[in-house]
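**Q** Before I ask anything, let me first share the structure, which is written out below as structure tokens.
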Amino acid sequence: MGQSSHVTHLMDSINSQGEKQCIKSAQTHNLSIYKLEDLIAMQLGQGLILAPYDAQRYFELGENDAQLLSILSDDVIKRYLPNMDFSTKDSALKFLSNLPILTEKGLSIAYVITADNMPIGFIFIDTPTVNERIGLNKWTLTFFMLSSMRGKGLMTASLGRILYLLKTKLGVSQVYATADKTNTVSQKILQATCFEPTDIHDVANQGITYVCNLDTLNFHHK
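In this text, residue positions in the sequence shown follow our numbering: the first is 79, and each later residue adds one.
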């Protein structure tokens, strides 16, 4: 799991003047970088799909997704991603309901990893506009996998496809991700997907920030 102050804080302050300015800036800049039609679904294997968590997904399957997240979320997710509250079905549903809104406003993109249409993991892409608020004017990634599907290489494969999307569809040259110093699993996943450690420190100095230089990568996409 990467570290993040992601969706919860973004939506809690959505009506503040600062957030309105953030949205205005996003609509001016980010939507010229990514279009909703550029956010394509990608196959990982038989029955395994990586796709945007859009409004259609939420309205058709949000209740089921929230129920599953509230049941299968574990202490690892709570520890490393404390701002993502899946403690109850209602809190998980609130979290999921915000994802399509953030994407449509040009602030953040959520991808869900599904197995037979059931959510097993997520990858969140935050834009430079959002990250300006924490002093990092860069694209960043945050991710997690539910415990039953960890250790199968699915997150590594999914991140590889997200990097392909960022480079070829969104024109991103660099993307950053932060892993807790104790989270060796996420560190290994990042290293396996061509991320390298930087000297950037998070606010609490508890994380290692990595960067992937997409311009140096060549993708062989079928």
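Idealized CB from N, CA, C, for every residue including glycine.
Since the structure is predicted, the reported quantities are computational estimates derived from the model, not experimental observations.
Give me the residue from 162, 223, 239 and 127 with the minimum Cα distance to residue 195.
**A** Along the sequence shown, one-based indexing puts residue 195 at 117. When only C-alpha atoms are compared, the closest one is 127.
**Q** Looking at the unbroken alpha helix (DSSP H) that takes in residue 234, where does it start and where does it end?
**A** In the sequence shown, the residue the question calls residue 234 occupies position 156. Where residue 234 is concerned, the enclosing alpha helix (DSSP H) stretches over 232-246.
**Q** Unbroken alpha helix (DSSP H) runs of length 4 or more, entirely within the stretch 188-216: which are they?
**A** Fully enclosed alpha helix (DSSP H) runs of 4 or longer: 206-209.
**Q** Classify residue 176 as buried or exposed, calling it buried when 16 or more other Cβ atoms lie within 10 Å of its own Cβ.
**A** By 1-based counting over the sequence shown, the position of residue 176 is 98. Residue 176 should be labelled buried.
**Q** Report back the beta-carbon spacing between residue 254 and residue 218 to the nearest angstrom; my notes put them in contact at under 8 angstroms.
**A** Within the sequence shown, the letter at position 176 stands for residue 254. Within the sequence shown, the letter at position 140 stands for residue 218. At roughly 5 angstroms, the Cβ-Cβ gap stays under 8 angstroms, so residue 254 and residue 218 are in contact.
**Q** How is residue 142 classed by DSSP in three states: helix, strand or coil?
**A** Stepping through the sequence shown from its first residue, residue 142 is reached at position 64. If DSSP states are grouped into helix, strand and coil, residue 142 belongs with the helices.
**Q** Give a yes or no on contact between the stretch 255-268 and the stretch 213-228, applying the rule of three or more CB pairs nearer than 8 angstroms.
**A** Touching, per the Cβ criterion.
**Q** Considering residue 277, what are the terminal residues of the beta strand (DSSP E) in which it resides?
**A** Counted from its first residue, the sequence shown places residue 277 at position 199. 274-279 is the extent of the beta strand (DSSP E) around residue 277.
**Q** Whose CA, out of 215, 131 and 137, lies closest to the CA of residue 252?
**A** Taking the sequence shown and counting its residues from 1, one reaches residue 252 at position 174. For residue 252, the nearest C-alpha among the options comes from 215.
**Q** The alpha helix (DSSP H) with residue 289 in it runs from where to where?
**A** Counting from one through the sequence shown, the residue named residue 289 turns up at place 211. Looking at the DSSP string, residue 289 is not in any alpha helix (DSSP H); the run it does join, the beta strand (DSSP E), is 285-291.
**Q** Write down every uninterrupted run of the alpha helix (DSSP H) in the stretch 162-191 whose length is 4 residues or greater and which is fully enclosed by it, in chain order.
**A** Fully enclosed alpha helix (DSSP H) runs of 4 or longer: 167-182.
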